[in-house]
Amino acid sequence: MSKTILTIDDSASIRQMVALTLKGAGLNVIEAGNGAEGLTKATTETVHAVITDLNMPVMNGLEFLRKFRQHPAGKGVPVILLTTESDDELKRQARESGATGWIVKPFKQDQLLAVVKKVTGA
Amino acid sequence: MSSDPAETFRQEARELLEQLEQGLLDLEQNPADADLVNSVFRALHTIKGSGAMFGFTDVAAFVHEFETAFDRVRKGHSPVTGELVAIALDAKDHVHTLIEDPQSAIDAGVPILEALRALVEPDRFPAAPMPAAKPAPVAEPAAPAAASRWRIRFHLPSDALLYGTNPVLLLGEIAELGPCEITALTDAVPTLDAIDLEDSYLGWQVDLTHLDPTAALDDVFLFLKDGMDLSIEPLVDAAPTIAQLAAEADEVELHAVTEAVALREPEGERTDRATVTTGTSLRVPAERLDELMDRVGELVIAQARLSQMAAHSADPNLKTVAEELERLSSGLRDTTMGIRMVPIGSLFARFRRLVHDLSRDLDKQIEFITSGEETELDKTMIERLADPLVHLIRNAVDHGLEGAEARVQAGKPVKGTVRLSAVYAGAEVTISVTDDGAGLDAARIRQKAEEQGLLTPDQRLSDQELYQLIFAPGFSTAKEVTSLSGRGVGMDVVKRTIDGLRGKIELSTVPGEGTTATLRLPLTLAIIEGMLVRVGNGRYSIPLSAVEECVELPASADIASRGRSFLDIRGSLVPFLRLREVFAASGEPDGHQKVVIVSSSEGRVGLVVDQIIGNTQTVIKQLSKLHSGLETFSGATILGDGTVALILDTSHLVSYGQAQEQQLGRAA
């Protein structure tokens, strides 16, 4: 059974790029346009991993992450943050909020696949 | 790009298989090269992955087994040997068959796999892709020479599990680095009443055989390294014994972990998804290139017509446009021809396998050296060169190179050398196959030729002429017929193919030192420079590369030609053919007839024509099937004014002219 990945991003083109890449690798992809929408989907559907943007309207990535980790469905599920900066402070913050890993934008499709594979084993 | 995904896969797989074959052959030379092992593994992996995606389940299943076996090599459990390479090549061939012709003999794979397994895991050591089920007390014999053992100990941050880190995956990544033993460290696990179910307490100790795992481990712990305890130390002693392990009382091997590993392992196995590389090259079906070339050809013709019209027109604008178009279309023609050019290396690579197999079958040690792989030739030409080169290389190995004993007696290294090289020579490419064997034996060739009635004992021939007899149909000097060569089919076919490519073949030999077969080929088949001539009312194009010179037909020779027709060209006699007679042209011949001297590997002949019009770019159009039997013509072209000119097949005319002369000579 192929795994389901949730991609949360306010940019439709990033979501599409992530979705195309992951579908190409045989994964199921569901999409959400912001953290709140993402949280609903992540807690009501079976999700094996989440790839989320940081800066988003309504609910940003870190907030999504903290709420998701508090929810029973969110414990132990790998979450990958998409960030534009690679500064250490952000990474520390990300880890403290419960991120499993991160990808610095811009990234290539195979980098994305490599990280998804690394954290999910898919 | 083909619209049929299955065809796309086949094409990709063909390339990967070729890559695989090269990798295996390279590996035979450098068995310790880990990069090569990895590249072989990657090729297998990609074939398996995409095979499964496109419904080639038999392929995927077979390659999976193949890959599993090779994984043991990659992990250093099993050494690379000549035997392994040979079986792996068989397996590669089988995959090829499965892809091209899935119906044929799927069962053929079973013995190959058995042979492969027997070789890589003689003791049925279980090939676990993940941490071994137990800290295996098995010594790791085939570890890379410089690799040493390292002890890695780590505890994850306590929130790692909650935050989605899966230690099983991390251990899997470490296990992929090399042979290792994994032990769980339970010293930090608190008593039941103090346990927080969401926290991570376990630590792991991994004894890994690796050159230096520090950088690789940085990658493994990419997202964790700031918040975790990690120590990497070289291990002084060899693999720990069971006794040692047992002595480490506080470190209990945790069966639960390995069982969990087994459970968590996804069905099938982990696949690297074929990574999407954004390359700078584009795959286009060859037919489209042919079509493009055809259209460019038409364009060049149309442009030539326009130029001709412009030349006769007083309109300066028309002249400007015509010139501009001429410049553009000649640029377009060059670019299009360039697209069709392929480095010959792709062809050379195939022969390494051939030499490898020949070396094994004939029990001769051979060093195969290639050079000039980057030399580019028209794609069609490269395809048609494959068979002739196979024959030449077979001959070099089978007939050229002596057996080991004979070589030692002759004071040569036991290992024979076969060289295959390509170089540019003007508008031609020269490809040569050279061996350092005994050389051609003129006496034996003569004897054989006489036996076969190709030569009468009183005929005198120079050595060079004798060597040419090798190209006669049915000629073979092999003492015994082997499965490889010696049937006497081959060299005549080689010559015919090379002639068909408007190329030339020459043999040169130094007794005791070796033989060289040299092919000279034009760069392209599609467009040639031609010399346009008129015979009667018809116009004909003669490939300029074959033209040696043009002379006027002296009146004396004209008169003397009632009997035999020879021209005295600076002291040497050249027979000539009257094209008016050959083509049965009507009307009176011109007062001053011209002779175009053309040459081929068989000699020279003069072609008597009415008028030499000049040089033209000749875009070759194939004759229709109905006319393809006409040997005098190799094709047709359309001239600037829209009329058609036939292209003369000079090599045929030369042999025809020579034969005529001989007949006349005998009659006289």
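Going line by line, the protein sequences match chains V and W.
Going by the working numbering, the first sequence opens with residue -7, and the numbers climb by one from there.
Going by the working numbering, the second sequence opens with residue 630, and the numbers climb by one from there.
Even for Gly, the Cβ is constructed at its ideal location relative to N, Cα and C.
Keep in mind that this is a model prediction, so the values were computed, not measured.
Asked: Residues of the segment 813 to 827 of chain W with a CB closer than 8 angstroms to any CB of chain V: list them in chain order, please.; Found: Glu827
Asked: Classify W/Asn1166 as buried or exposed, calling it buried when 16 or more other Cβ atoms lie within 10 Å of its own Cβ.; Found: exposed
Asked: Give me the Cα-Cα distance between V/Lys33 and V/Leu104, rounded to the nearest whole angstrom.; Found: 21 angstroms
Asked: Check whether the segment 935 to 950 of chain W touches the segment 911 to 924 of chain W, counting contact only when three or more Cβ pairs, one atom from each stretch, lie closer than 8 angstroms.; Found: no
Asked: Determine the chain V residues that contact W/Asn795 at a beta-carbon separation under 7 angstroms, and present them in chain order.; Found: Gly113
Asked: Which runs of the alpha helix (DSSP H), 4 residues or longer, sit entirely within the segment 782 to 870 of chain W?; Found: 796 to 804 and 843 to 849
Asked: Please compile the residues from chain V whose C-beta is within a distance smaller than 8 angstroms of the C-beta of W/Leu791.; Found: Arg61, Lys67, Gly68 and Gly90
Asked: Pairs of beta-carbons, one from the segment 985 to 995 of chain W and one from the segment 1272 to 1286 of chain W, closer than 8 angstroms: are there three or more?; Found: no
Asked: With a Cβ-Cβ cutoff of 7 angstroms, do W/Asp1278 and W/Ser1263 count as a contact?; Found: yes
Asked: Our contact map puts W/Asp1247 next to W/Glu1158 with C-beta atoms below 8 angstroms; I'd like the distance itself, whole angstroms only.; Found: The identity of residue 1247 of chain W in the sequence shown is Thr, whereas the question assumes Asp. W/Thr1247 to W/Glu1158, Cβ: 7 angstroms. Contact.
Asked: Check whether the Cβ of W/Thr1261 sits closer than 6 angstroms to any heavy atom of the ligand COA, and report yes or no.; Found: Judged by which ligands are present, the structure shown has none, so any question about the ligand COA falls away.
Asked: Flag this pair as yes or no: are the beta carbons of V/Thr(-4) and V/Asn20 separated by less than 7 angstroms?; Found: yes
Asked: Could you give the DSSP three-state label for W/Met970: helix, strand or coil?; Found: strand
Asked: Are the C-beta of W/Leu798 and some C-beta of chain V separated by less than 7 angstroms?; Found: yes
Asked: Taking W/Ala1025 and W/Val1062 to be in contact with their CB atoms under 8 angstroms, please state how far apart those CB atoms are, rounded to whole angstroms.; Found: 5 angstroms
Asked: W/Ser668: which of W/Ala690, W/Val688 and W/Glu696 sits nearest, CA to CA?; Found: W/Glu696
Asked: For W/Leu1161 versus W/Ser1174, is the C-beta spacing smaller than 7 angstroms?; Found: no
Asked: Could you list which residues in chain V have their beta carbon closer than 8 angstroms to that of W/Phe850, in chain order?; Found: Result: empty, since nearest Cβ-Cβ is about 11 angstroms, beyond 8 angstroms.
Asked: When burial is assigned at 16 or more other CB atoms within 10 Å of the CB, is W/Lys1254 buried or exposed?; Found: exposed
Asked: What do you get for W/Val1043, buried or exposed, if any count of 16 or more other CB atoms within 10 angstroms of its CB means buried?; Found: exposed
Asked: Go ahead and pull the three-state DSSP assignment for W/Ser1091.; Found: coil
Asked: By Cβ distance, which residues of its chain are closer than 7 angstroms to W/Gln932, with the 5 residues on each side in sequence left out?; Found: Leu954, Glu955 and Ser958
Asked: Could you list the residues in the segment -2 to 21 of chain V with a C-beta less than 8 angstroms from some C-beta on chain W, going in chain order?; Found: Thr13, Gly16, Ala17 and Gly18
Asked: Using a beta-carbon distance below 7 angstroms, is V/Gly27 in contact with chain W?; Found: no
Asked: Could you please give me the residues that DSSP links to W/Lys1008 through a beta bridge?; Found: None, per the DSSP bridge assignment.
Asked: Look at the alpha carbon of W/His1281 and the alpha carbon of W/Leu656, and state the distance between them as a whole number of angstroms.; Found: 47 angstroms
Asked: Would you decide whether W/His652 is buried or exposed? Buried here means 16 or more other CB atoms lie within 10 Å of its CB.; Found: The amino acid at residue 652 of chain W is misidentified as His; the sequence shows Gly. The residue is buried, with at least 16 neighbouring Cβ atoms inside 10 Å.
Asked: Taking beta-carbon pairs under 8 angstroms, can you tell me which members of the segment 837 to 861 of chain W lie near chain V?; Found: Leu851, Phe852, Asp855 and Gly856
Asked: Using a C-beta cutoff of 7 angstroms, does V/Val71 count as contacting chain A?; Found: The structure shown contains no chain A; its protein chains are V and W.
Asked: Which residues in the same chain have their Cβ closer than 8 angstroms to the Cβ of W/Thr820, if we skip the five residues on either side of it in sequence?; Found: none
Asked: When the Cβ atoms of the segment 1145 to 1152 of chain W are set against those of the segment 1059 to 1079 of chain W, are three or more pairs found closer than 8 angstroms?; Found: yes
Asked: Report yes or no: do three or more beta-carbon pairs, one from the segment 62 to 70 of chain V and one from the segment 33 to 51 of chain V, lie closer than 8 angstroms?; Found: yes
Asked: Provide the residue(s) that pair with V/Ala41 in DSSP beta bridges, ordered along the chain.; Found: V/Ile(-3)
Asked: Reducing DSSP to helix, strand and coil, say where W/Thr1138 ends up.; Found: strand
Asked: Does any residue of chain W bring its CB to less than 7 angstroms from the CB of V/Gly30?; Found: no
Asked: So, with DSSP's three-state summary, where would you put W/Ser1280?; Found: helix
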